[in-house]
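These notes are about the structure you will find just below.
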Amino acid sequence: MFHGPCFVVHVIRTGNDGPDLGYGRDSFMKLNSKYRYHQGTTITDRGSRIYEIQGMRLPSVTTILGQTKDDTYLKKWIAKKGHEEAERIKNHSSKRGTAMHKFLEKYIKGTGYDDLTEIGVQAKPMAQKIIDIGLTPIDYYYGSEVTLHYPGLYAGSTDLVCEHNGLETIADFKQSNRPKQVEWIEDYFLQVAAYAMAHDYVYGSNIKQCIIMVCTPDLYYQEFKIQYGELRKHKHAFLKRLDMYYEKKRDYKEERQIDTKELLNAFEKEKQELAASYRQSLANKKERENK
Numbered sequence: 015m016f017h018g019p020c021f022v023v024h025v026i027r028t029g030n031d032g033p034d035l036g037y038g039r040d041s042f043m044k045l046n047s048k049y050r051y052h053q054g055t056t057i058t059d060r061g062s063r064i065y066e067i068q069g070m071r072l073p074s075v076t077t078i079l080g081q082t083k084d085d086t087y088l089k090k091w092i093a094k095k096g097h098e099e100a101e102r103i104k105n106h107s108s109k110r111g112t113a114m115h116k117f118l119e120k121y122i123k124g125t126g127y128d129d130l131t132e133i134g135v136q137a138k139p140m141a142q143k144i145i146d147i148g149l150t151p152i153d154y155y156y157g158s159e160v161t162l163h164y165p166g167l168y169a170g171s172t173d174l175v176c177e178h179n180g181l182e183t184i185a186d187f188k189q190s191n192r193p194k195q196v197e198w199i200e201d202y203f204l205q206v207a208a209y210a211m212a213h214d215y216v217y218g219s220n221i222k223q224c225i226i227m228v229c230t231p232d233l234y235y236q237e238f239k240i241q242y243g244e245l246r247k248h249k250h251a252f253l254k255r256l257d258m259y260y261e262k263k264r265d266y267k268e269e270r271q272i273d274t275k276e277l278l279n280a281f282e283k284e285k286q287e288l289a290a291s292y293r294q295s296l297a298n299k300k301e302r303e304n305k
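Residue 15 is where the sequence shown starts when you use this note's numbering, and the numbers rise one by one after that.
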């Protein structure tokens with residue numbers, strides 16, 4: 015059965031409660047070992063993150079998106095703030111995000127952890143908010159901080175692969191200095207769509223949704239979810255960005271005989287077949303109603 019596009023934004027504003035990792039829940043999540051994940055390592059090559067996995071050296075999803083995005087807004091923001099202040103904000107946010115991810119990873123795996131530094135004290139209640147709200151619907155998880163790759167094309171690390179409200183799900187955690195609007199986070203959607211595509215290809219899964227969980231320092235929680243047709247659309251959009259990236263690196267593309275357009279055509283064919291199936295379902299429904 016074809017499911018139409020689904021796009022959900024869930025926003026919850028809660029009080030400024032103090033940190034208490036555990037929150038009355040078990041201090042860990044149930045692990046399902048259905049998937050045996052390949053291990054990879056990362057290196058930095060001329061400012062770009064590269065993954066070494068299964069004998070391949072692959073560019074990271076964030077590198078691909080970073081080198082193909084429109085950075086007009088970023089340049090204007092840096093000009094407004096000044097280079098030094100912009101760097102300070104960026105570095106502080108990055109450290110806080112890393113600390114928040116660490117709390118979440120340790121919670122998921124049931125490992126005791128604390129961070130009493132200034133950054134850690136800021137990040138801990140943010141992690142708690144995500145645990146309290148974002149992780150509650152999760153039945154179990156398949157992997158945390160999982161390295162995923164699409165052979166010959168790209169790789170990346172997703173925060174969580176899990177069963178969320180009965181659906182196999184890619185989940186990604188984000189910190190933000192202020193609440194996000196949907197139009198600002200297109201690359202977040204492309205990032206998780208790329209992870210879903212890689213997971214399905216390598217492990218034969220059927221990832222049906224991706225969820226981005228965002229929390230600000232004042233504990234404003236947002237959840238952005240893409241499913242079914244919306245997820246498929248973002249996979250398609252990522253492949254276009256991937257093609258842009260390899261066009262810039264034509265020699266590598268030719269050496270590895272990479273054809274991202276073939277992938278695009280496959281997605282386009284699938285989309286047409288699903289649309290035809292959906293139209294037939296509607297026609298059958300209408301016919302039944304008229305009897």
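Where is the CB? At the ideal position from N, CA and C, for every residue including glycine.
Nothing here was measured: the structure is a model prediction, and the numbers come from that model.
In whole angstroms, give me the CA-to-CA distance for residue 206 and residue 179. Going from the Cα of residue 206 to the Cα of residue 179 covers about 18 Å.
Assigned exposure category for residue 97 - 16 Cβ within 10 Å defines buried: exposed
Give me whichever residues DSSP pairs with residue 157 in a beta bridge. 175
Please classify residue 195: is it buried, with 16 or more other beta-carbons within 10 angstroms of its beta-carbon, or exposed? exposed
Local conformation of residue 44 per DSSP, three classes: Coil.
Which full runs of the alpha helix (DSSP H) of 4+ residues lie inside the stretch 177 to 233, going along the chain? Within the stretch 177 to 233, the complete alpha helix (DSSP H) runs of at least 4 residues are 200 to 217.
Does the stretch 236 to 246 come close enough to the stretch 65 to 85 to have 3 or more Cβ pairs within less than 8 Å? no
Using the beta-carbon count (16 or more within 10 Å), is residue 175 buried or exposed? buried
What separation, rounded to the nearest whole angstrom, lies between the Cα atoms of residue 199 and residue 50? Roughly 31 Å separates the two Cα atoms.
Expected contact under 8 Å - CB spacing of residue 248 and residue 187 to nearest Å: Rounded, the Cβ-Cβ distance is 18 Å, inconsistent with contact.
Please confirm if the stretch 148 to 156 is in contact with the stretch 73 to 86, defined as three or more CB-CB distances below 8 Å between the two stretches. no
Where residue 127 falls: helix, strand or coil (DSSP): coil
Under three-state DSSP, which class holds residue 256? helix
Within 8 Å, strictly: CB atoms of residue 213 and residue 184: yes
In the DSSP assignment, what are the bridge partners of residue 264? Residue pairing by DSSP places residue 264 in no beta bridge whatsoever.
Can you give the Cα-Cα distance for residue 182 and residue 223, rounded to whole angstroms? Distance between the alpha carbons of residue 182 and residue 223: 7 Å.
Compute the Euclidean distance between the alpha carbons of residue 132 and residue 110, then round it to the nearest angstrom. 9 Å
Rank 177, 143 and 167 by C-alpha distance to the C-alpha of residue 237 and give the top, closest one. 143
What does the Cβ neighbour count give for residue 122, buried or exposed, with the cut at 16 atoms within 10 Å? buried
Burial state of residue 158 (16 or more Cβ within 10 Å): buried
Would you kindly work out how many angstroms separate the C-alpha atoms of residue 230 and residue 108, rounded to a whole number? 13 Å
Secondary structure at residue 149, three-state DSSP: helix, strand or coil? coil
With distances taken between CB atoms, is the gap from residue 259 to residue 81 smaller than 8 Å? yes
Specify the secondary structure class of residue 115 as computed by DSSP and reduced to three states. helix
Applying the criterion that 16 or more other CB atoms from any shown protein chain within 10 Å of the CB defines a buried residue, is residue 167 buried or exposed? Residue 167 is classed as buried because its beta carbon has at least 16 other beta carbons within 10 Å across all chains shown.
DSSP on residue 167, reduced to helix/strand/coil? coil
Can you tell me which of the three DSSP states residue 76 falls into? helix
Would residue 116 and residue 128 qualify as a contact pair, given that the criterion is a beta-carbon distance under 8 Å? no
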